[in-house]
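Under my numbering, the first residue of the sequence shown is numbered 826, with each subsequent residue one higher.
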Amino acid sequence: MTKHFCSLAIRYAAVLFTAGFLLVSCTNEPPPTPKDLAQEAIIPRPVSLEATGSSFRLTEKTKIYVQAIYPDLEQLGQELADMLNPATGLEISVKKTDKVPGAGHIYLALVGDEAGLGQEGYQLEITEKQLTLTANQSAGIFYGIQTLRQLLPASIELGEKQEGPWEIASGTIVDYPSYRHRGAMLDVARHFFSVEDVKRYIDLIALYKMNVLHLHLSDDQGWRIEIKSWPRLTEIGGSTKVGGGEGGFYTQEQYKDIVQYAADHYITIIPEIDMPGHTNAALASYAELNCDGQARKLYTGTEVGFSTFCTAKDTVYAFIDDVFRELAALTPGPYLHIGGDESHVTPMEDYIPFINRVQDIVAAHGKEVAGWDEIANAEMRPGTAVQLWAGTENAKMGVEKGAMLIMSPASKAYIDMKYDSTTELGLSWAGYIEVDTGYIWDPAAMAAAEGVDKNAILGVEAPLWTETVTNIKELEYMTFPRIPGIAEIGWTPPALRQWDEYKQRLGRQKARFEALGVNYYASPKVPWAE
Ligand code: ACM
826 MTKHFCSLAI RYAAVLFTAG FLLVSCTNEP PPTPKDLAQE AIIPRPVSLE ATGSSFRLTE
886 KTKIYVQAIY PDLEQLGQEL ADMLNPATGL EISVKKTDKV PGAGHIYLAL VGDEAGLGQE
946 GYQLEITEKQ LTLTANQSAG IFYGIQTLRQ LLPASIELGE KQEGPWEIAS GTIVDYPSYR
1006 HRGAMLDVAR HFFSVEDVKR YIDLIALYKM NVLHLHLSDD QGWRIEIKSW PRLTEIGGST
1066 KVGGGEGGFY TQEQYKDIVQ YAADHYITII PEIDMPGHTN AALASYAELN CDGQARKLYT
1126 GTEVGFSTFC TAKDTVYAFI DDVFRELAAL TPGPYLHIGG DESHVTPMED YIPFINRVQD
1186 IVAAHGKEVA GWDEIANAEM RPGTAVQLWA GTENAKMGVE KGAMLIMSPA SKAYIDMKYD
1246 STTELGLSWA GYIEVDTGYI WDPAAMAAAE GVDKNAILGV EAPLWTETVT NIKELEYMTF
1306 PRIPGIAEIG WTPPALRQWD EYKQRLGRQK ARFEALGVNY YASPKVPWAE
């Protein structure tokens, strides 16, 4: 009855009153709560933010409108609804539209060539009446949704209905990344991680707008991807792990499932097959890959630098061609990572022609090469990505030869390093990396110190090597809370990154980590908010 009266009244009164006045007068909603967008703890910190002091409230009437012409938007709208509905208990639905919706709704739209947003940027315009998320491309909409998540209380992450109200601080955010490569690397070779574990990690890094997951799929201790033309790689090479016991591997179907799940989270998978060293699992699987024709024993220790493919044998290149052909067919992303690190028993005069030949194989399968910084000793094809981990001289040489850089300096970005001397998990050969140490560095400044220009930097990546990390809870402990810091280094300009300010925002992630069930390290460096 009241509702009917209101809608009649609207018809007659529309000429006299504003719609906003009627919205307030015809509902029992209290006025919007004042909120300060500038006080929200968003990681990565947005590039620009203007607060207007009020808020937008989600109600039973809220709908998500998406521009009808872009199918991706309907899917993203549904993901947003799926994010909002469980904890709010609302039944927010997604509607396609050809025009900007009226008051009370969320609107997702692609706006074409909005200045400065680039391929991954977004703009959030939040008023009391409307929440509008725009971008040039769907990736930007996805990142805007991750920001929205962080503008809601941590309880939004819970699977069951929680107390509201559900209000989002008003203002405008214009945001886009500094670097196009913002990645995590997971070593599934030393210890194997299931498809479910990898998806969980994808969920967690996507929240911080990372867009690359590099999977280290082979090493001395294990071969983790099915190669149909060389089945013993997984039968034998995949059978064990560090410390012994059962290993594991991804079937090609499972790998494709990971690739698709990552793509749904705007994350590109970079698969790595490490060579010519770090190859004992392959050398144990096929005798012909060894110069002496003798299969190696499986290895479950943690030493490095003792194994090598026989770089003089054509069989080895035929093998690599088969492996990369199968992997390229399963991998939509641009890169295949060839490792190339720590080949201590491969003489340099063999290593260089080997890396050159492997690069040609990767290129023949239509992919770009990524590799650890040692590959810069070889020739560099245009488009090659050199991943700096230890050799700043290598990185510089790579750039001089035309390569781009992925910055993973071990002393800052290796999240398998212990936090301090008391950390039970992890290693310490690159030093202890407390949460502040892992945050306080700048890729461009580091490169500039070597005379390398910022424009040669693709981005940042945080590797998690798993000599000591055996399961998803341990993975979470080493990566959280360091991975949000690496994500921020990849996204936020250096002028907006100060540890004293960041640590406050990080401390306010505690409730969200807990709502998400993340097993994080409660570093004493961080003022964890109760
Ligand atoms: C590496 O840590 N060996 C790349």
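Just so you know, even glycine gets a beta-carbon here, dropped at the ideal spot from N, CA and C.
Which runs of the beta strand (DSSP E) spanning at least 3 residues fall entirely within the stretch 1205-1239, listed in chain order? 1210-1213 and 1229-1232
Please state whether DSSP places Val-891 in a helix, a strand or coil. Residue state for Val-891 is assigned as strand, using DSSP reduced to three classes.
According to DSSP, is Phe-1338 part of a helix, a strand, or is it coil? helix
Using a 10 Å radius around the Cβ and a threshold of 16 neighbouring Cβ atoms, would you call Gln-1184 buried or exposed? buried
Taking the Cβ atom as the reference point for each residue, do Ala-1106 and Ser-1168 lie within a distance shorter than 8 Å? no
Use the C-beta contact count for Cys-1135: other C-beta atoms within 10 angstroms, 16 or more gives buried, fewer gives exposed. buried
Using CA atoms only, rank isn't needed, just tell me which of Trp-1316, Arg-1337, Trp-1353 and Gln-1323 is closest to Gly-943. Among Trp-1316, Arg-1337, Trp-1353 and Gln-1323, the Cα nearest to that of Gly-943 is on Trp-1316.
Glu-968 in three-state terms, based on DSSP: Reading off the sequence shown, one finds Tyr at residue 968, where the question assumed Glu. Tyr-968 falls in the helix class under three-state DSSP.
Based on the DSSP output, what are the partners of Val-1037 in its beta bridges? Gly-1008 and Thr-1093
Contact test: Trp-1214 Cβ vs the ligand ACM heavy atom, cutoff 7 Å: yes
Would you tell me roughly how many angstroms separate the C-alpha atoms of Arg-974 and Gly-1130, rounded to the nearest one? 44 Å
Mark Val-1277 as exposed unless 16 or more other C-beta atoms lie within 10 angstroms of its C-beta, in which case mark it buried. buried
Give me the Cα-Cα distance between Pro-1178 and Glu-1204, rounded to the nearest whole angstrom. 9 Å
Of all the options Ala-1273, Pro-1101 and Glu-1199, which has the alpha carbon lying nearest to the alpha carbon of Cys-1116? Pro-1101
In angstroms, rounded to a whole number, what distance separates the CA positions of Asn-1219 and Leu-1213? 8 Å
In the structure shown, what three-state DSSP assignment does Pro-1288 receive? strand
Could you give the distance in angstroms between the alpha-carbon of Asp-1175 and the alpha-carbon of Thr-1127? 25 Å
On a Cα-Cα basis, can you pick out the residue from Val-1023, Ile-966 and Val-872 that is closest to Val-1013? Val-1023
Helix, strand or coil for Ala-1087, going by three-state DSSP, please let me know. helix
Provide the residue span of the alpha helix (DSSP H) that contains Ser-1110, from first to last. 1105-1110
Cβ-Cβ separation, Ala-1272 to Ala-1281 (assumed contact under 8 Å), whole Å: 7 Å
Pull up the CB-CB distance for Leu-862 and Ala-994, whole angstroms please, since I reckon it's below 8 Å. 4 Å
DSSP three-state call for Arg-882: helix, strand or coil? Here Arg-882 carries a strand assignment [DSSP, helix/strand/coil].
With distance defined between alpha-carbon atoms, name the residue in Ile-1231, Leu-956 and Ala-1312 nearest to His-930. Leu-956
Comparing the CB of Glu-1286 with every heavy atom of the ligand ACM, is any distance shorter than 7 Å? For Glu-1286, the shortest C-beta to heavy atom distance toward the ligand ACM is 7 Å or greater.
Runs of 3 residues minimum, wholly inside the stretch 1143-1211: which ones carry the beta strand (DSSP E) assignment? 1160-1164 and 1193-1197
Alpha carbon of Leu-983 to alpha carbon of Asp-1028, nearest angstrom: 14 Å
Roughly how many angstroms separate the alpha carbons of Lys-860 and Val-925, rounded to a whole number? 25 Å
Proximity test, Glu-1167 beta-carbon vs the ligand ACM heavy atom, cut-off 7 Å: Yes - the ligand ACM has a heavy atom lying nearer than 7 Å to the Cβ of Glu-1167.
How far does the alpha helix (DSSP H) with Glu-1299 in it extend, from its first residue to its last? 1297-1304
Let's test the definition: count the other Cβ atoms within 10 Å of the Cβ of Glu-945 and tell me whether it reaches 16, buried, or not, exposed. buried
Please state whether DSSP places Glu-988 in a helix, a strand or coil. Glu-988 falls in the coil class under three-state DSSP.
Output the boundary residues of the alpha helix (DSSP H) element that contains Thr-1059. It spans 1057-1060 - the alpha helix (DSSP H) in which Thr-1059 sits, taken as one unbroken run.
CB of Pro-1306 within 8 Å of CB of Tyr-1346, strictly: yes
Between the C-alpha atoms of Lys-886 and Ala-1031, what's the straight-line distance to the nearest angstrom? 29 Å
Just the Cα atoms here: how many angstroms apart are Trp-1048 and Leu-1114? If I take the Cα positions, the gap works out to 14 Å.
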